[in-house]
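These protein sequence lines are chains A and B, in that order.
Going by my numbering, the first residue of the first sequence is number 10, and it counts up by one from there.
Going by my numbering, the first residue of the second sequence is number 10, and it counts up by one from there.
Glycine included, every Cβ here is placed at the ideal spot set by N, Cα and C.
Down below is the structure, laid out as structure tokens.
Number of protein chains: 2
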Amino acid sequence: MPYFDAASAAPLHPVARQALLAALDEGWADPARLHREGRRARLLLDAAREATAEAVGCRPDELVFTPSGTRALHDGIAAALAGRRRTGRHLAVSAVEHSAVLQSAEELRAAGGAVTEVPVDRTGRVDAEEFARALRGDTALAALQSANHEVGTEQPVAEVAEACRAAGVPLLVDAAQSLGWGRVADGWSLLTASAHKWGGPPGVGLLAVRKGVRYAPQGPADERESGRAPGFPDLPAIVAAAASLRAVRAEAAAEGARLRALVDRIRARVPELVPDVEVVGDPERRLPHLVTFSCLYVDGEALLHALDRAGFSVSSGSSCTSSTLTPSHVLRAMGVLSEGNVRVSLPLGTATEDVDRFLEVLPGVVASVRDHLGAPVEGHAAPASAPQETVIDALGKRCPIPVIELAKAFPDVPVGGLVTVLSDDEAARLDVPAWCDMRGQEYVGERSVPGVPGGTAYTVRRRD
Amino acid sequence: MPYFDAASAAPLHPVARQALLAALDEGWADPARLHREGRRARLLLDAAREATAEAVGCRPDELVFTPSGTRALHDGIAAALAGRRRTGRHLAVSAVEHSAVLQSAEELRAAGGAVTEVPVDRTGRVDAEEFARALRGDTALAALQSANHEVGTEQPVAEVAEACRAAGVPLLVDAAQSLGWGRVADGWSLLTASAHKWGGPPGVGLLAVRKGVRYAPQGPADERESGRAPGFPDLPAIVAAAASLRAVRAEAAAEGARLRALVDRIRARVPELVPDVEVVGDPERRLPHLVTFSCLYVDGEALLHALDRAGFSVSSGSSCTSSTLTPSHVLRAMGVLSEGNVRVSLPLGTATEDVDRFLEVLPGVVASVRDHLGAPVEGHAAPASAPQETVIDALGKRCPIPVIELAKAFPDVPVGGLVTVLSDDEAARLDVPAWCDMRGQEYVGERSVPGVPGGTAYTVRRRD
């Protein structure tokens with residue numbers, strides 16, 4: 010049963026499993042103790058730190074282990090901001106950072122600080138010059154991911170690092186998605202990562218802080234991990250994380266090239282096989298193993314379940330798959346279609362046949378979901394005459410129904426005529442303009458509907 | 010090779026190991042995902058939460074998993090204090106809480122709040138009435154351990170909980186050392202624990218918060234663990250923690266009785282076998298598996314290493330074994346001898362022969378350390394006449410040298426004569442009075458030595 014959600018969590022790498030088992034026997038004691046079990050644990054911890062620092066490209070004393078990538082980000086950002094409190098309270102981040110970064114940004118805003126979210130283009134990439142312009146005299150910290158977790162696009166880390174250096178601003182790089190594939194370009198001041206993304210166990214994050222970076226850990230601390238990550242260390246998991254990072258790095262070049270070719274095949278074939286699909290993210294400057302596409306007139310949750318029944322595990326940034334009923338902030342920032350969104354992220358060792366089988370199955374699965382939702386069959390010529398404005402009341406209806414109703418009404422709209430969709434689903438804000446792009450129709454604009462909380466009227470003009 | 014440091018960390022319980030291996034195969038995926046691997050992980054997480062809540066004695070939705078006991082304490086205390094910010098900013102704790110609690114207290118003090126440390130008696134136990142008197146109109150939270158981690162003494166949790174209830178103050182109980190042995194008495198509002206203390210894996214802490222307790226998590230949060238513990242959950246470890254808690258509870262009554270008898274033997278035999286030893290902690294109301302004693306004229310670190318060479322792993326609260334060069338705050342709060350301190354904490358399944366062998370080996374090990382340090386051979390009669398005051402300059406010398414020099418000078422002191430020890434070692438503050446207690450001599454008092462940072466003069470009068 011193919012699992013294509015490696016960017017959420019990967020099955021434990023065989024080397025990690027082996028190292029974990031060994032460390033459960035040898036490394037369960039407290040490395041701070043003086044007895045032989047403690048000393049043995051200390052040796053394992055030191056060796057894991059050295060191996061991991063080597064893979065990260067930093068000194069062992071610059072690296073601490075945290076309980077997760079999220080904690081590394083939360084704690085690292087808080088400490089870096091506090092360390093430069095005198096410079097100011099401004100944080101610059103890309104609009105497509107991991108939610109943990111945006112949670113920290115929200116925390117800063119709530120405490121009276123300021124945040125600039127640098128926008129991205131339609132591929133999900135920030136522009137280094139635009140990022141540079143976001144740096145101010147009071148900028149305490151900048152944060153940029155090495156590559157995006159939802160669409161795979163690589164960010165211009167080296168250029169942004171250079172801009173940060175010139176501005177005297179420390180740069181934190183969230184390398185969660187890329188560290189297994191290779192070192193991050195030089196120039197960062199802080200770096201974070203998460204072991205379960207590269208086939209290590211859960212329970213291990215990395216936080217590297219370059220010597221000389223101002224860093225003031227917040228909250229209570231103990232003597233563990235240089236005072237930067239309190240609590241008894243999860244040594245077996247740390248040992249397994251270090252061993253598996255080394256192992257995946259050893260096969261990264263060959264396996265990366267292989268998965269890159271499989272993803273290229275998905276990127277090329279999906280739009281040929283499935284009508285009305287938008288493949289998103291940068292086709293070249295991207296993670297080897299990850300591709301995301303959105304299907305018009307499809308409910309993301311229904312699509313996920315249908316793929317699951319067909320034996321494929323994927324994830325989705327569609328609003329109907331999130332507890333907040335809003336589309337992923339990444340897709341929103343890119344301004345691309347969010348409905349029927351599918352992220353395919355291939356684990357190491359994914360078989361070519363599994364990808365082929367996915368491409369075989371996908372068209373039927375999408376068609377059945379569309380059929381079930383009553384998605385329109387398109388291609389009607391415009392009528393010669395008809396009412397000049399059509400209003401579709403899709404209030405209370407969830408993604409992708411508003412767009413389906415728009416498409417169904419369209420055959421009756423004359424060229425030059427207007428259609429307005431009333432919707433209180435956040436996804437429509439993204440998906441109605443995206444539909445217009447895909448159909449070559451004119452998106453006129455939106456206005457709020459008085460008296461309806463969240464109600465918005467989206468207007469489209471028929472071009473042909 | 011007997012390992013007697015279970016209170017620091019215990020080897021993984023066989024049930025935990027088995028559960029961990031199974032969960033590595035079945036529970037590596039993200040439990041927040043909709044695909045089958047995610048749903049399977051979710052089922053495991055829910056089942057682990059239910060089993061653990063049952064063992065704790067709370068509802069599953071009152072319990073979250075944290076990355077460690079320390080993080081449970083740090084985060085739980087911060088959120089409980091913030092939740093009652095309007096009532097006030099006072100925290101009442103016992104003086105012998107785990108350092109994680111005292112770190113949180115220090116954090117509160119630094120932020121302008123107030124802390125009362127309720128003192129303990131010489132067994133390490135707080136008095137419930139004295140604790141009750143520490144509760145004020147502005148007390149936001151009280152914290153009390155179920156049993157002490159260094160000396161094993163059980164605290165009067167039920168009585169203190171009743172006092173807290175009467176005062177309308179929530180009580181946090183740190184059950185790290187006792188949860189494997191049984192449920193904590195009712196009446197707590199928050200409860201914390203740590204899986205690696207009961208034979209579970211590292212990486213799992215527990216934080217239970219009763220419904221209705223005001224609780225405002227601090228710092229950035231995500232959707233994990235009801236917004237109370239951010240970051241990807243370490244599910245294999247959580248599953249192993251739950252399974253091993255159930256397993257150790259099943260054997261707790263029988264194994265507790267067996268270890269209690271072994272500890273009784275140590276408590277009784279050590280003072281018979283080794284001269285000048287003080288066994289500390291409550292002899293009855295205590296953890297089954299833990300005993301602590303201190304040996305006069307012994308360097309704790311040298312004793313640890315000598316026991317280690319003899320094949321026994323123990324820990325110590327002596328100043329010379331800590332990075333801060335101060336004796337354990339627990340021994341200080343109890344006012345007992347800190348030099349030559351040894352904590353023996355027996356893991357489940359400890360063999361009687363190992364304890365017997367420890368008792369065989371200990372006298373020779375202590376004697377050899379004393380011999381190496383030139384500890385005095387005692388029992389001299391007092392001289393008929395001699396100088397009225399002797400001054401011993403032990404400045405710059407570390408525990409236990411100041412006490413050894415005091416004891417060596419004593420034979421030359423006439424009855425009624427004074428001896429003053431000059432020392433800048435923090436341990437002397439505890440150990441000179443403790444020596445007087447053990448020797449039946451009169452401790453006159455201390456005064457600072459002008460011009461010597463940390464320098465103190467301790468004066469003793471010879472009684473017989």
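Same chain only: Cβ atoms within 6 Å of residue i, ignoring 5 sequence neighbours per side
i, result
"residue 444 of chain B", "412"
"residue 265 of chain A", "190 and 297"
"residue 148 of chain B", "99, 101 and 178"
"residue 125 of chain A", "101 and 143"
"residue 334 of chain A", "328"
Simplified DSSP assignment, three categories, for residue i
i, result
"residue 331 of chain A", "coil"
"residue 108 of chain A", "helix"
"residue 338 of chain B", "helix"
"residue 217 of chain B", "strand"
"residue 558 of chain B", "Because chain B is modelled from 10 through 473, residue 558 of chain B falls outside the range shown and cannot be assessed."
"residue 140 of chain B", "helix"
"residue 414 of chain B", "helix"
"residue 188 of chain B", "coil"
"residue 74 of chain A", "strand"
"residue 322 of chain B", "strand"
"residue 367 of chain B", "helix"
"residue 168 of chain B", "helix"
"residue 180 of chain A", "strand"
"residue 196 of chain B", "coil"
"residue 117 of chain B", "helix"
"residue 408 of chain A", "coil"
Contact set for residue i: own chain, Cβ-Cβ below 7 Å, skip 5 residues either direction
i, result
"residue 53 of chain A", "32, 35, 36, 244 and 248"
"residue 354 of chain A", "13, 14, 15, 16, 298 and 299"
"residue 379 of chain B", "306 and 307"
"residue 64 of chain B", "254, 255 and 258"
"residue 268 of chain B", "297, 298, 355 and 359"
"residue 329 of chain B", "308, 309, 310, 407 and 408"
"residue 106 of chain B", "152, 154 and 183"
Candidates the options, of which the one nearest residue i by Cα
i, options, result
"residue 205 of chain A", "B/38, B/446, B/435 and B/469", "B/38"
"residue 103 of chain A", "A/234, A/142, A/465 and A/322", "A/142"
"residue 6 of chain A", "A/379, A/55, A/295 and A/44", "An answer regarding residue 6 of chain A cannot be provided, because it is not within the stretch 10 to 473 covered by chain A."
"residue 451 of chain A", "A/195, A/216 and A/426", "A/426"
"residue 352 of chain B", "B/310, B/335 and B/361", "B/310"
"residue 436 of chain A", "A/341, A/391 and A/216", "A/341"
"residue 465 of chain B", "B/447, B/446 and B/405", "B/405"
"residue 250 of chain B", "B/463, B/40 and B/214", "B/214"
"residue 197 of chain B", "B/174, B/211, B/135 and B/108", "B/174"
"residue 217 of chain B", "B/417, B/123 and B/61", "B/61"
"residue 391 of chain A", "A/473, A/363, A/211 and A/467", "A/473"
Sequence-distant residues of its chain with Cβ nearer than 8 Å to residue i (five each side left out)
i, result
"residue 66 of chain B", "192, 193 and 195"
"residue 261 of chain B", "189, 190 and 191"
"residue 176 of chain A", "141, 144 and 148"
"residue 344 of chain B", "131, 439, 442 and 443"
Where residue i meets chain D, residues with beta-carbon distance less than 9 Å
i, result
"residue 324 of chain B", "Chain labels in this structure do not include chain D; the protein chains are A and B."
Say whether the stretch 147-165 of chain A touches the stretch 370-382 of chain A, bearing in mind that this needs 3 or more beta-carbon pairs closer than 8 Å, one atom from each stretch.
No, they do not touch.
Please list the residues of the stretch 182-211 of chain B that have a C-beta atom closer than 8 Å to any C-beta atom in chain A, keeping them in chain order.
Residues of the stretch 182-211 of chain B whose Cβ lies closer than 8 Å to any Cβ of chain A, in chain order: 203, 205, 210 and 211.
Contact between the stretch 180-187 of chain A and the stretch 186-205 of chain B is defined here as three or more beta-carbon pairs at a separation below 8 Å; is this criterion met?
The stretch 180-187 of chain A is not in contact with the stretch 186-205 of chain B.
Under 8 Å, with one C-beta from each stretch per pair, do the stretch 222-233 of chain A and the stretch 79-92 of chain A reach the 3-pair mark?
Between the stretch 222-233 of chain A and the stretch 79-92 of chain A, the count of Cβ pairs shorter than 8 Å is three or higher; the stretches touch.
Stretch-stretch touch, CB-based, cutoff 8 Å, three pairs: the stretch 269-289 of chain A with the stretch 300-320 of chain A
When Cβ pairs closer than 8 Å are counted between the two stretches, the stretch 269-289 of chain A is seen to touch the stretch 300-320 of chain A, the count reaching three or more.
Is the stretch 362-371 of chain A touching the stretch 266-279 of chain A in the sense that three or more CB pairs, one from each, lie closer than 8 Å?
The stretch 266-279 of chain A, when compared against the stretch 362-371 of chain A, does touch it at the 8 Å Cβ threshold.
Taking a cut of 7 Å between CB atoms, which residues from the stretch 119-153 of chain A lie near chain B?
Of all residues in the stretch 119-153 of chain A, none has a Cβ within less than 7 Å of some Cβ in chain B.
What residues from the stretch 21-48 of chain A come within 7 Å of chain B, judged by C-beta to C-beta, listed N to C?
Of all residues in the stretch 21-48 of chain A, the ones placed with a Cβ closer than 7 Å to any Cβ belonging to chain B are 21, 26, 33, 37, 38, 39, 42, 43, 44, 45 and 46, in chain order.
Going along the stretch 236-268 of chain A in order, which residues come within less than 8 Å of chain B, judged by CB to CB distance?
Within the stretch 236-268 of chain A, the qualifying residues are 239, 240, 241, 242, 243, 244, 245 and 246.
Taking only beta carbons into account, state which residues of the stretch 98-119 of chain B come closer than 8 Å to chain A, listed in chain order.
Listed by position, the residues of the stretch 98-119 of chain B near chain A (Cβ gap below 8 Å) are 108, 109, 112, 113, 115 and 116.
Any chance the stretch 228-238 of chain B sits against the stretch 106-116 of chain B, with 3 or more Cβ pairs inside 8 Å?
Here the stretch 228-238 of chain B does not lie against the stretch 106-116 of chain B, with fewer than 3 beta-carbon pairs under 8 Å apart.
Is it a yes or a no for the stretch 431-445 of chain B touching the stretch 453-467 of chain B, going by three-plus beta-carbon pairs under 8 Å?
Yes, they touch.
Please determine if the stretch 165-173 of chain B and the stretch 133-141 of chain B are in contact, where contact requires at least 3 C-beta pairs separated by less than 8 Å.
Contact between the stretch 165-173 of chain B and the stretch 133-141 of chain B is present, because at least three Cβ pairs lie under 8 Å.
Listed in chain order, which residues of the stretch 213-229 of chain A have Cβ atoms closer than 7 Å to some Cβ of chain B?
Residues of the stretch 213-229 of chain A whose Cβ lies closer than 7 Å to any Cβ of chain B, in chain order: 228 and 229.
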